[in-house]
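Data first, discussion second: the structure below is written as structure tokens.
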Amino acid sequence: MLGTNSLYVLLLDLPFRGTDAMIYFAILGLPVILAFLSDRSRGCLSIGLFVAALLVPCLFAAVRDTSVGTDVMTYAYWTFYSAKNASLGLFLAEYSSLSAFGFNLLSWIIAKLGTFEIYLGLIQAFTVFPICCFAKKMYPDSSWAAVAVYMLLLFPISLNAMKQMIAVALCVPAFIFIEKRKPLIFLSVVMASAILFHQTAVVALFYWPAVQSVRSIGGKAAFFGKAQGFAVFLAVALIFGSAFVFGNRLIMLFSSLKDSYSYQVNASGTRLNYSSLVLLCGTILIYLFNRRSRLNKAKSVGFESIFAIISIVGVLAMQLNIIADSLMRFSYYLISFFPLFGSELAKEDEGNIPFSALLLICLLIAYFIQTIVINGGNEVYPYTSILLGIN
5 MLGTNSLYVL LLDLPFRGTD AMIYFAILGL PVILAFLSDR SRGCLSIGLF
55 VAALLVPCLF AAVRDTSVGT DVMTYAYWTF YSAKNASLGL FLAEYSSLSA
105 FGFNLLSWII AKLGTFEIYL GLIQAFTVFP ICCFAKKMYP DSSWAAVAVY
155 MLLLFPISLN AMKQMIAVAL CVPAFIFIEK RKPLIFLSVV MASAILFHQT
205 AVVALFYWPA VQSVRSIGGK AAFFGKAQGF AVFLAVALIF GSAFVFGNRL
255 IMLFSSLKDS YSYQVNASGT RLNYSSLVLL CGTILIYLFN RRSRLNKAKS
305 VGFESIFAII SIVGVLAMQL NIIADSLMRF SYYLISFFPL FGSELAKEDE
355 GNIPFSALLL ICLLIAYFIQ TIVINGGNEV YPYTSILLGI N
């Protein structure tokens, strides 16, 4: 048994403590509070509060040190200063093999007009505004849950995988065109995201057939009933089967398209992602707990149910790191629907304490502590900023 002194030493050794904890509490918590106030307001006040909520992560992303986020020094820093000191034509020619045209053009424009801090802040805006504004539009009274989920799950990723998260953020709102049955517009948005920002966005093309397949066999059966359960099983089997058969070829293909993938060709994982397995089990249990809710009482598989399916399959896709670490990044296009799932859970409990949404948030807090704080995922913890005096 640990004595008092031993327990004290153990607590001191934990990475999530003191000033570091308070800083991240402010970064993660302030947007949620502002979004909650926005949900309880109307008109211009509501819009202003929500915009302020989304500007918080943009501000902290802007003034962070270059050590916060692996890819800041991998490509963001060098991209910005190369763009600042070169003509548009020369810059686009030199960086065409490293980044997509849209990202390079955006980088060049910002570099000519502002500082590196403004560059980081605007890049963050492109990753947070599309997803959270889409959630606000769909769930105007429970967008706070989407913001909370985004900050815990996607914000740390966006501080690192900036180019890809822009593509992810653009693909999520395109999902509305599936509901409106406008395949050409959906296809155009996804392909534009892939061509202009990150080629992995082509994964989002599978949204359409996946949703149509699940809906067509869903009928009146509840999610995780026999029909939907079989559909999810087939989808997961297809994803993992394709990954195991074609995984290395897929990485080789992307490495031939972009130099930044070359170093990952032989980078394979060695073990299961246990944190994501816990997140998977917890998410499924939360959904099953709500199976008698409005979410599952619908006469057909609704738009909201699809968010749950995509989120769960996304957590499963995290296990692709067994094949290669880079393959896990394909899951970003799926787990990016977690914020919408969170808002749906909060909407179900409208007028009552949103236990299900809060339970999901607690699960993600535990996931954040394990993957970001303890394991150092994306190299975003601890947060430091010379400009803010945070060392």
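Each residue of the sequence shown is one higher than the one before, starting from 5 at the first, in the working numbering. The beta-carbon is built from N, C-alpha and C at its ideal position, and this holds for glycine as well.
Status (buried if at least 16 other CB within 10 Å, exposed otherwise) for residue 48: With fewer than 16 Cβ atoms within 10 Å of its Cβ, residue 48 is classed as exposed.
Inter-residue spacing [alpha-carbon to alpha-carbon] between residue 92 and residue 59: It is roughly 29 Å from the alpha-carbon of residue 92 to the alpha-carbon of residue 59.
Could you give the residue range of the alpha helix (DSSP H) that holds residue 381? Run containing residue 381: none; DSSP gives neither H nor E here.
Counting only the same chain and skipping the five closest in sequence on each side, list residues whose C-beta sits under 6 Å from that of residue 31. For residue 31, where only same-chain residues beyond five positions count, the Cβ hits under 6 Å are 64.
Taking the alpha helix (DSSP H) that residue 144 belongs to, which residues open and close that run? Run containing residue 144: none; DSSP gives neither H nor E here.
Within 10 Å of its beta-carbon, does residue 23 have 16 or more other beta-carbons around it, so buried, or fewer, so exposed? Exposed: under 16 other Cβ atoms inside 10 Å.
Taking C-alpha atoms, which residue in 309, 287, 72 lies nearest to residue 362? Checked all of 309, 287, 72; the closest Cα to residue 362 is 287.
Spatially closest choice to residue 391 from 167, 122, 105, by CA coordinates: The shortest C-alpha separation from residue 391 is found at 122.
Bounding residues of the alpha helix (DSSP H) (the contiguous stretch that carries residue 76): Looking at the DSSP string, residue 76 is not in any alpha helix (DSSP H), and its letter there is neither H nor E.
Count the other C-beta atoms from every protein chain shown that fall within 10 angstroms of the C-beta of residue 384, then say buried if there are 16 or more, exposed otherwise. So residue 384 ends up on the buried side.
Taking all protein chains shown into account, decide if residue 185 is buried (16 or more other Cβ within 10 angstroms of its Cβ) or exposed. The C-beta of residue 185 has fewer than 16 other C-beta atoms within 10 Å across all chains shown, which makes the residue exposed.
Reference residue 87, options 108, 72, 366, closest by Cα: Closest by alpha carbon: 108.
Between 66, 322, 41, which has its C-alpha nearest residue 387's C-alpha? Minimum Cα distance to residue 387 is reached at 66.
Of all the alpha helix (DSSP H) runs that stay within the bounds of the stretch 41-75, which reach a length of 4 or more residues? Complete alpha helix (DSSP H) runs here, min 4: 47-66.
Which of helix, strand or coil DSSP assigns to residue 394: For residue 394, the three-state secondary structure derived from DSSP is strand.
What are the residues that DSSP puts in a beta bridge with residue 315? Bridge partners of residue 315: none, in fact.
Suppose you measure from the CA of residue 228 to the CA of residue 320; what does that come to, to the nearest Å? Residue placement at residue 228 is flagged as unreliable, the pLDDT there being 47, under the threshold of 50; the coordinate-derived value follows with that caveat. Using only the alpha carbons, I get a separation of about 16 Å.
Between the beta-carbon of residue 318 and the beta-carbon of residue 335, is there less than 8 Å? Yes.
Just list the residues that DSSP pairs residue 389 with in beta bridges. For residue 389, which the question treats as bridged, DSSP gives the partners 394.
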